[in-house]
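Reviewing the structure listed below.
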Amino acid sequence: MRDHIQGSQKGMRDHIQGSQKEMKDHIQGSHKEMKDHIYGSQRDHIQGSQKEMRDHIQGSQKEMRDHIQGSQKGMRDHIHGSQKEMRDHIQGSQKEMRVHIQGSQKEMRVHIQGSQKEMRDHIQGSQRDHIQGSQKEMRDHIYGSQGDHIQGSQKEMRDHIQGSQKEMRDHIQGSQKGMRDHIHGSQKEMRVHI
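The opening residue of the sequence shown carries number 35 in our numbering; numbering runs sequentially from there.
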């Protein structure tokens, strides 16, 4: 009877110990499986977010580079166009001034020739003293008129060219400053964005 009871108790102990070990293995296996699942999900999520962020930053940088290059090209075209326009303007002004000076000189020559002819006619009909005085008066008149007219025309041309050049320099400097401010603003905006 004792052997039977002891055998039954030992069988029960073995059964309980086997059930406990089986339960422990089951819990440990479930715990390991859950840990692998959590780590795997986290890893996939982090890698996906990092890739998405890298793609976003690279796209923003490319977009910024394209924007800056486009702005610089636009600025270069604008400056070249302004310079060509100014050159055409200066050349046109110089041509206009040459035509004006040539016309004035021709007009002056006609005036001088007419005056000289008139003076010769007058001299032929006048006495020697009167002729000498008139010749001196006429020379002073011709030289004074030519000098005043040519100097005035040259000064007017210099003032016009210097004004045009200053206006062009101010325009180019203003455009360059605007471009620098625009690029600095875009770069600052990009840094804040990144």
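Yeah, the Cβ is synthetic: ideal placement off N, Cα and C, and Gly gets one too.
Asked                                                                                                                                                   : Found
Do the segment 113-120 and the segment 130-148 meet, that is, are 3 or more Cβ pairs less than 8 Å apart?                                               : no
Just the C-alpha distance for M172 and D155, rounded to the nearest angstrom, thanks.                                                                   : 14 Å
Between which residues of its own chain and I113 is the CB-CB distance below 7 Å, once the five residues before and five after are set aside?           : I206, S209
On the premise that S198 lies in contact with I124, defined as a C-beta separation below 8 Å, what is that separation, rounded to the nearest angstrom? : 6 Å
M98 by DSSP, collapsed to three states: which one?                                                                                                      : helix
If you drop the 5 nearest sequence neighbours on each side, which residues of the same chain put their C-beta closer than 6 Å to that of M191?          : M131
Buried or exposed, going by whether 16 or more other CB atoms sit within 10 Å of the CB of M153?                                                        : buried
Determine whether the beta carbon atoms of M68 and M213 lie at a separation below 9 Å.                                                                  : no
Between G41 and the rest of its own chain, which residues show a CB-CB distance below 8 Å, the 5 nearest in sequence each way excluded?                 : none
DSSP on M35, reduced to helix/strand/coil?                                                                                                              : coil
Could you give the uninterrupted runs of the alpha helix (DSSP H) lying entirely in the segment 43-86, keeping only those of 4 residues or more?        : none
Thinking C-beta only, is S187 closer than 9 Å to S138?                                                                                                  : yes
Please identify the residue among D48, R88, V133, S127 whose C-alpha is closest to the C-alpha of I195.                                                 : S127
Anyone know if the C-beta pair for Q221 and M87 falls short of 9 Å?                                                                                     : no
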